[in-house]
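*Asks:*
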Amino acid sequence: MEEKSRSYGCFLAWEQEKNIEKYLREMEENGTEKRALEYAHKFLSESSELENKLEPPYKPLD
Numbered sequence: 017m018e019e020k021s022r023s024y025g026c027f028l029a030w031e032q033e034k035n036i037e038k039y040l041r042e043m044e045e046n047g048t049e050k051r052a053l054e055y056a057h058k059f060l061s062e063s064s065e066l067e068n069k070l071e072p073p074y075k076p077l078d
């Protein structure tokens with residue numbers, strides 16, 4: 017029984033890896049990955065600019 021479970025677990029891991037590879041290949045072909053990275057970079061740079069403009073956090077109460 018344990019051997020059967022282990023074999024099934026290996027099969028599921030293999031299937032998942034295959035699906036991830038397919039998904040990444042499709043993203044690369046469609047240019048989705050590049051657009052997502054560009055968006056993330058833009059978002060992070062805008063976030064850090066906003067963070068620099070914010071007032072310092074509240075001062076602790078005495």
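Each step along the sequence shown adds one to the number in our numbering, with nothing skipped, and position 14 is 30. Ideal Cβ positions, reconstructed from N, Cα and C, are used throughout, including at glycine. Please read these numbers as outputs of a predicted model, since none were measured by experiment.
Under the assumption that E49 contacts M43 (Cβ atoms under 8 angstroms), give the Cβ distance between them as a whole number of angstroms.
*Replies:* Position 33 of the sequence shown holds residue 49. Position 27 of the sequence shown holds residue 43. That pair is a contact at about 4 angstroms.
*Asks:* Using only the alpha-carbon positions, how far apart do S21 and L60 sit?
*Replies:* Working through the sequence shown from its first residue, we reach residue 21 at position 5. Working through the sequence shown from its first residue, we reach residue 60 at position 44. Cα-Cα distance, rounded: 44 angstroms.
*Asks:* For A52 and Q32, what's the separation of their Cα atoms in angstroms?
*Replies:* In the sequence shown, counting from the first residue as 1, residue 52 sits at position 36. In the sequence shown, counting from the first residue as 1, residue 32 sits at position 16. Computed Cα separation, rounded: 22 angstroms.
*Asks:* Hey, how far is the Cα of S23 from the Cα of L40?
*Replies:* As a working mapping, residue 23 is identified with position 7 in the sequence shown. As a working mapping, residue 40 is identified with position 24 in the sequence shown. About 26 angstroms.
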